[in-house]
Each structure stands twice: as structure tokens, then as C-alpha cells.
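This note's numbering puts the first residue of the first sequence at 79, with every later residue one more than the last. All C-beta atoms, glycine included, are put in the ideal place defined by N, C-alpha and C. Report on the following structure.
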Amino acid sequence: MDAADGFGRLNDRQREAATFGARTGDGVFRAGPLLVIAGAGTGKTNTLAHRVAHLLREGVAPERLLLLTFTRRAAEEMTRRAARVAGAAHRAVRLPWAGTFHSVANRLIRRHHARLGLPESFSVLDRGDAADLMDVVRHELGFSKLEKRFPRKDTCLAIYSHRVNTQGELAATLADAFPWCAEWEAELTRLFRGYVERKLANHALDYDDLLLYWRAMMEDGALGGEIAALWDHVLVDEYQDTNSLQAEILERLKPSGEGLTVVGDDAQAIYAFRAATVENILSFERRFGARVVTLEANYRSTQGVLDVANALMRESRRQYRKELAAVRGEGPRPRLVTVADDRAQAQYVVARVLERREEGVPLRHQAVLFRSSHHSDVLELELVRRDIPYVKYGGLKFLEAAHVKDALALLRWADNPRNRIAAWRALQLVPGTGPKGAERAFTAFEASGWRWAVLKSGSREFDALMAWLADPATPWAGQMQRVREWYTPVMERRYDAADVRAGDLVQLERIAATLATREAFLTELALDPPAATSDLAADPALDEDWLVLSTVHSAKGQEWEAVYVLNVSDGSFPSEYAAGRADLLEEERRLLYVAMTRARSSLDLVAPLKYYVTAQSRMGDRHVYGARSRFLTPAVTRRLEEVVWAEGIERPAGAPAGAPVDIAARLRQMWS
DNA sequence: ACTAATGTCCTTTTT
DNA sequence: GGACATTAGT
């Protein structure tokens with residue numbers, strides 16, 4: 079039966095992981111705790127999908143299965159594949175409980191809102207909203223105008239979040255991750271106290287609250303039992319990137335580990351900054367006495383790529399050792415390309431990308447990866463100049479654009495009248511209303527007991543719009559359109575590039591049409607915003623070909639035929655902020671590993687000799703000489719073809735260069 | 001009281 | 001080059 083339905087195509091290890099468990103005497107399928115260590119490109123998604131399919135075929139009801147993934151897209155992909163593998167009987171199967179920790183938490187909280195003292199229409203704050211709320215308290219406490227600079231709102235939120243997710247002391251968070259803020263411990267405590275109060279008063283939950291509320295529900299005897307009893311099997315993808323709060327939730331769902339499957343790769347743990355701890359996956363085996371299955375056969379990359387990746391990870395400590403072996407065969411050696419600077423780097427990548435396209439590799443099978451979002455700036459200029467379409471993932475988000483925030487603020491306020499942040503933003507859209515006017519209008523509205531009929535913003539049309547939106551009798555369909563119609567002239571008055579922005583609003587309307595309710599729309603958008611920015615000239619139509627630009631973090635789980643990694647030098651890999659901290663350095667190494675293992679056949683590591691410092695540079699010198707990445711040890715470079723590229727000409731490393739060496743600048747640089 | 005213009009200081013990665 | 005505070009102009 080296996081060969082026909084795909085199980086026959088799994089290798090032995092994959093099949094072992096997919097089918098682990100057995101029916102017991104009562105005919106019920108049971109499985110003990112299982113840890114699948116899945117190296118990059120070893121068919122993890124496929125294996126997990128097969129496991130889900132196996133469970134279904136063994137009689138587990140789809141709604142008795144909880145599948146936790148890192149993104150919603152991963153959940154959809156998994157569901158689709160599992161349904162296909164499971165065969166005819168399950169072709170139409172949907173997994174009602176598949177999603178991220180945060181989205182599942184949201185659903186559970188909505189379901190039990192009354193027992194948590196929340197109204198049905200609580201708001202989920204996205205990052206920006208949470209930071210704005212933090213800023214309100216920051217101002218109130220007078221921290222915004224101290225002689226010595228207090229951390230900014232985003233930093234405050236990051237500290238708060240880190241502490242919540244690590245479940246440790248604030249002092250530990252500060253010492254660990256924010257040493258430059260350590261002196262503000264007392265003030266930060268006051269700030270966070272105020273922030274929590276504000277959230278409660280506004281009926282608003284931030285990302286961390288979703289997890290905190292879930293755990294609180296699990297800690298309640300009756301409710302916790304009720305929730306744990308919902309599922310027989312819990313499967314967690316990307317387990318290496320869970321934090322201790324998430325681990326605690328899992329423990330309470332499946333205290334013995336019975337029915338619990340976790341899948342991940344400790345070598346790809348790259349979310350420590352978000353308080354994920356690789357300890358979770360490293361200690362899972364001991365904690366639960368789990369069966370461990372390791373996948374090492376790599377179906378993605380050629381051996382040349384894997385040799386470099388293996389060599390890189392061999393130098394790391396504390397891990398489940400694995401040697402990735404290519405099923406696809408040898409392939410060319412990855413290249414380490416030295417270029418003069420940013421501009422040369424961009425020119426090199428463009429030249430190579432086009433060359434590849436000539437060879438028949440379409441643009442969208444090629445990706446440029448980088449450590450931080452702005453590293454692609456120069457390249458983007460070059461791409462626009464040369465008229466090459468691209469899409470960028472990671473970095474600046476759709477939701478951070480002012481006009482998108484404006485439009486959403488109207489809906490958010492209508493959805494939850496107490497949402498002060500949304501109200502504040504919405505009211506100031508009225509011409510002639512600024513901070514003071516907004517404050518006045520909101521206070522009066524609050525005093526009236528949140529009655530929309532009493533709202534006096536200064537514009538009758540605005541008042542009418544809000545009352546209409548907030549009226550429970552108003553159907554969701556058409557609300558976004560009406561918002562857009564009211565808002566468009568406001569936008570045209572305030573911002574330039576109005577046509578590009580108008581396009582974003584149309585896209586918003588398109589998304590709105592796919593969701594059944596306003597609450598679903600707002601929550602979805604907060605929890606799973608569109609990943610790519612399309613604010614640049616090249617907005618690829620669907621039938622066109624486009625190059626992919628992505629941060630390494632956003633490239634997780636993906637693969638491309640050709641991959642180019644930018645700025646592979648000290649300062650980026652590893653990031654300058656990781657210097658001197660062993661644990662952070664290890665994460666940086668894993669980040670480079672993730673970047674490398676995205677490549678199927680062709681991998682170029684590009685290393686500029688000199689790069690420009692945009693921020694934080696003291697006056698004067700605007701560039702810095704990047705040292706070779708410390709991860710490129712002899713053991714690693716031995717597997718690389720080293721090349722120097724200048725002015726479109728390529729020569730092997732070590733050959734004499736034509737350009738003069740700027741020794742004077744180097745000498746000065748040492749003392750600047 | 002609102003808006004526009006100027007000045008100062010910057011920790012990356014994101015559910 | 002962007003966020004945020006402060007100042008000047010309406």
C-alpha cells in the first residue's frame with residue numbers, strides 16, 4: 079500500500095518518523111514523545127506532512143490534532159500536503175487547529191474571553207501599536223525628557239517582551255540582552271507596570287499577552303484540563319525557535335510527552351533575540367525520554383554546497399551532530415567573491431543574476447540574502463536602475479507605512495472603542511485636529527460611556543463614518559471600501575507618492591474581502607501581515623519573473639536554485655553587536671548556515687573589502703574596512719572557490735590586483 | 001493649537 | 001537615513 083501513496087518514497091528515517099507509534103489494545107493509535115532532528119533540506123515538511131497523514135489514516139480525527147508552525151503559510155502548506163498524502167478518503171480534510179502559537183492562542187482566548195475578564199471584541203496590538211502604547215506611558219512618566227536619554231519606545235517594548243518570554247528577572251534580561259539600558263531598571267519597571275495597566279484598560283493584548291493568557295488558562299485547573307483535552311496529538315514545527323513560555327504551554331498540554339511530536343534543527347536556531355532558546359530542543363530528549371530520529375539525507379543541495387555548510391557547523395559546539403549528505407550529487411564549488419565595496423557588490427550580483435538567467439535559471443529561482451534589511455539598499459537602487467523586478471521579504475513592513483496604519487486605525491477603533499491608540503491616530507486624520515483636539519474628543523467620548531452617537535471630532539462626516547463602522551448592524555463587506563473613500567483625500571493632502579500609497583489601500587481592500595469579519599481581518603493582519611513590501615517601482619505582476627531579496631530570517635524554510643549572500647564579513651556575519659558574546663556568536667554562525675543551506679546548486683558568498691557606515695558613524699570617515707568573516711576559517715574556505723571581482727573582471731584570489739592599494743586610508747583608519 | 005522646519009541621536013533580525 | 005524632540009511660523 080505504501081508505494082502508491084508516497085510513503086514508499088520516504089527514506090527509512092523519514093518513514094520511521096512519519097509512522098512512529100502504534101495502535102494499542104483498545105484500537106486507539108498512540109505515540110510516545112518524539113523528537114525529529116531534521117537537518118536543512120532533509121524533507122522535514124514532507125515528513126511532517128506524512129506524519130499528519132498517517133495519524134489521519136490511523137483514525138485520529140482532524141480536530142483532535144494540533145499543528146503548531148512558525149508561520150501561517152507553513153501551516154497551510156502542511157495541511158495541503160497532508161491532505162494529498164492521506165489519499166482519497168481525506169482529500170478534502172482541513173485541519174481546524176493548524177497555525178502559529180499566537181494564532182491558536184488568539185482563538186482560545188476568544189473562545190474563553192468571558193472567563194478571562196475580556197470582552198469579545200478585544201484588540202490584538204501589532205508591534206507598532208504596542209510600541210505606541212508604550213510611548214504614551216513613557217511620556218506620562220516624564221521619561222521622554224530626562225537629561226540623560228531614556229531608551230526609545232521600540233527598545234522598551236523589546237526589553238519588556240524579552241523579559242516576558244524568558245520568564246526571568248528584568249535585571250537578567252537587561253544584563254543579558256540590553257546592557258546599555260541596565261541603569262534604567264527602576265524606571266523600566268514603573269514603565270512596564272503602567273503599560274500593563276493601559277493594556278487592561280484598553281482591552282488590548284500584545285503578542286506576548288497571547289502566550290501569557292494561554293499559559294494562564296493552562297494553569298487554571300479546570301480550564302487547563304478542558305483545553306488539554308481538546309487534542310490527542312500535538313505536533314510542533316521549528317521547535318528550535320520556541321521560547322520557554324511556549325515550552326511551558328506544551329508541557330501543560332502534554333505533561334508526559336505522550337502524543338507530542340516536535341521537529342526542528344538545533345543548527346538552525348536563529349531567534350534568540352526573540353527569547354527563543356535552543357535549550358528547548360537540546361533538552362527535549364532527556365526531559366521526556368523521547369525517541370529521537372535524525373534526518374541527514376539532503377534532497378535540496380548539491381554536495382559542494384553541503385561541504386561548506388558542514389565545515390561551518392563542525393566548528394560549533396553543543397549540538398546534535400549531523401553531516402548532511404547530498405542525494406543530488408556533487409555540483410560546483412560555492413564561491414567566495416571579494417569585491418571592493420557596496421557598489422561593486424551590487425554590480426557583481428546583478429551581473430551574475432543576469433548571467434544565470436541567460437543559462438535558463440529564472441529570476442524567481444534566485445535569491446539574494448542578507449543579515450539586516452538595509453544591506454540591500456544599494457542593490458535595490460541598482461535593480462531599479464537596470465529595470466529588474468524584485469520582491470523583498472523582511473524588513474520594513476506593509477503595516478508600518480503611515481497610510482496603512484491610518485486606514486486601519488479607523489477600523490480598529492470602530493472594533494474596540496476603548497482602543498486609545500487607534501482613536502488617537504484616527505481622530506488626528508480630521509483636518510485641523512492635532513494631539514490636543516484628539517485628546518479632548520476622546521476624553522468626552524470616554525466620559526459618555528463610549529457612545530458613538532456623542533462623538534464630536536470636528537467633522538460630521540468623520541463622526542458619521544465612525545458611527546456607521548461601529549454599528550453592529552453594519553455588514554463587514556464594504557467597510558474597507560468606505561474607509562478608503564473617506565481617507566483617500568486625506569492621504570493625498572498629507573503624503574506624496576499618493577498613487578503608490580493608494581495601491582496599498584486597494585491591496586488592503588483585497589485582503590479584507592477574503593476574511594469573514596472585521597475582527598478576523600484585524601487580527602489576521604496583526605498576526606500574519608503580508609510579508610513582502612511592494613512600495614518600490616517594481617511591483618511584479620503575477621505572470622512576470624522577479625528576483626527575491628530577503629533577510630536570512632525571512633528565508634527560513636525556503637530554497638532557491640542560486641543564492642547570493644551579501645556582506646559575508648565581520649560586522650554582518652557575525653553582526654558587530656554579537657562581538658564578544660559566545661552564545662550570540664554561535665547564533666550568528668547558525669544564521670550563516672541557514673543562508674548557505676537555502677541554495678540548491680549555486681552559492682555565492684560576497685565579501686566587500688570596504689563598506690560604508692550609514693548610521694552611528696562619528697563625523698568624518700564614512701567607511702570602514704571589513705575584516706574577513708571569522709567564520710571563514712581555513713577548513714571552510716578550503717571548500718570554496720575564492721575569486722576577486724572588479725570592474726566586471728574576475729580573477730582568482732591571490733593574483734596581482736590592478737588597482738592601487740589605498741594604504742594611506744588604512745593607516746588613518748587605524749587611529750580614527 | 002497646529003504644522004513645518006530644524007536639530008540630535010542612533011543596536012540587526014520578527015511571531 | 002529615520003525617529004523623535006524642540007523651535008519657529010501660521
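Ordered along the chain, which non-local residues of its own chain (more than five positions away) have a Cβ less than 7 Å from that of residue i?
i      : result
Ala504 : Ala487, Leu488 and Trp491
Ala501 : Trp491 and Phe520
Met697 : Reliability fails at Met697, whose pLDDT of 35 lies under 50, so the model's placement of it is uncertain and the value that follows must be treated cautiously. No residues qualify anywhere along the chain.
Gly586 : A small fix is needed here, since residue 586 is Leu in this sequence, not Gly. So the list reads Val482, Ala485 and Met558, once near-sequence residues are dropped.
Ala354 : Asp319, Thr320, Asn321 and Ala347
Glu460 : Ala424, Gln425 and Val428
Ser653 : Arg449 and Glu666
Ile305 : Leu186, Met295 and Met296
Exposed or buried, which one is residue i when buried takes at least 16 other CB atoms within 10 Å?
i      : result
Gly409 : buried
Arg700 : Because Arg700 sits at a pLDDT of 49, beneath the cut-off of 50, its placement in the model cannot be relied upon, and the following sentence gives the value as read from the coordinates. Exposed is the call here.
Gly177 : buried
Pro712 : exposed
Glu563 : exposed
Ala615 : For Ala615, the predicted structure reports a pLDDT of 36, less than 50, and the residue's modelled location is therefore unreliable. A value from the coordinates is still provided. Its Cβ having fewer than 16 others within 10 Å, Ala615 is exposed.
Tyr655 : exposed
Ile348 : buried
Ile727 : exposed
Ala160 : buried
Leu278 : exposed
Val314 : buried
Ala131 : buried
Arg172 : exposed
Ser526 : exposed
Arg596 : buried
Can you name, in chain order, every residue of its own chain whose Cβ lies under 8 Å from the Cβ of residue i, other than the five neighbours on each side?
i      : result
Arg108 : Gly99, Ala100, Arg101, Thr102, Glu336 and Gly337
Gly272 : Val215, Glu218 and Leu219
His180 : Tyr285, Leu288, Leu289 and Leu605
Leu600 : Ser201, Val202, Leu486, Leu489, Arg490 and Asp493
Val721 : Arg413, Leu414, Val415, Thr416, Glu728, Arg729, Pro730 and Ala731
Val456 : Asp420, Arg421, Gln423 and Ala424
Leu88  : Ala96, Gly121, Asn124, Thr125 and His128
Phe362 : Pro111, Leu113, Tyr317, Val340 and Ala368
By the DSSP assignment, the alpha helix (DSSP H) with residue i in it spans what residues?
i      : result
Phe523 : Pro513 to Ala525
Phe448 : Run containing Phe448: none in the alpha helix (DSSP H); it sits in the beta strand (DSSP E), Gln444 to Phe448.
Ser322 : Ser322 to Leu331
Glu458 : Asp455 to Arg463
Ser361 : Glu357 to Phe366
Gly337 : Careful: Gly337 lies outside any alpha helix (DSSP H) and carries neither H nor E.
Ala116 : Note, Ala116: premise wrong, no alpha helix (DSSP H); beta strand (DSSP E) at Leu112 to Ala116.
I'd like the list of long-range same chain contacts for residue i, defined as Cβ closer than 6 Å, with 5 residues on each side in sequence excluded.
i      : result
Ala604 : Val202 and Asp204
Leu144 : Trp175, Trp309 and Val312
Asp284 : Leu203 and Ala208
Ala350 : Glu665
Glu198 : His191
Glu136 : Phe107
Arg129 : Ala96
Which whole-angstrom value is the C-beta distance of residue i and residue j, which I expect to be below 8 Å?
i      : j      : result
Arg293 : Glu326 : 6 Å
Gly119 : Asn376 : 4 Å
Ala345 : Met296 : Their Cβ separation, rounded to whole angstroms, is 30 Å, which puts Ala345 and Met296 out of contact at 8 Å.
Gln444 : Ala640 : 4 Å
Leu301 : Arg158 : About 32 Å; that fails the 8 Å criterion.
Arg667 : Phe709 : 6 Å
Pro495 : Trp528 : 4 Å
Arg91  : Thr372 : 7 Å
Val809 : Arg717 : Missing from the structure shown is residue 809; the chain here goes from 79 to 750 and no further.
Leu670 : Val446 : Contact doesn't hold; Cβ gap of about 15 Å is too wide.
Val370 : Leu113 : 5 Å
Could you spell out where the beta strand (DSSP E) holding residue i opens and where it closes?
i      : result
Lys470 : Tyr468 to Tyr471
Trp723 : Glu719 to Ala724
Gly177 : Ala176 to Thr178
Val427 : Not the beta strand (DSSP E): Val427 falls in the alpha helix (DSSP H), residues Asp420 to Glu436.
Ile727 : Ile727 to Pro730
Thr97  : Here Thr97 belongs to no beta strand (DSSP E); instead the alpha helix (DSSP H) covers Asp90 to Thr97.
Can you list the alpha helix (DSSP H) stretches of 4 or more residues lying completely in the segment 640-698, in chain order? Segments of the alpha helix (DSSP H) lying fully in the segment 640-698: 660-674.
Can you list the alpha helix (DSSP H) stretches of 4 or more residues lying completely in the segment 530-584, in chain order? Listed in chain order, they are 538-548 and 557-572.
Give the list of continuous alpha helix (DSSP H) stretches no shorter than 4 residues that lie fully inside the segment 200-287. Fully enclosed alpha helix (DSSP H) runs of 4 or longer: 205-218, 231-244, 248-255 and 263-279.
Which runs of the beta strand (DSSP E) fall wholly inside the segment 119-191 and span at least 3 residues, in chain order? The segment 119-191 is shown to contain whole beta strand (DSSP E) runs of 3 or more residues at 143-147 and 176-178, in chain order.
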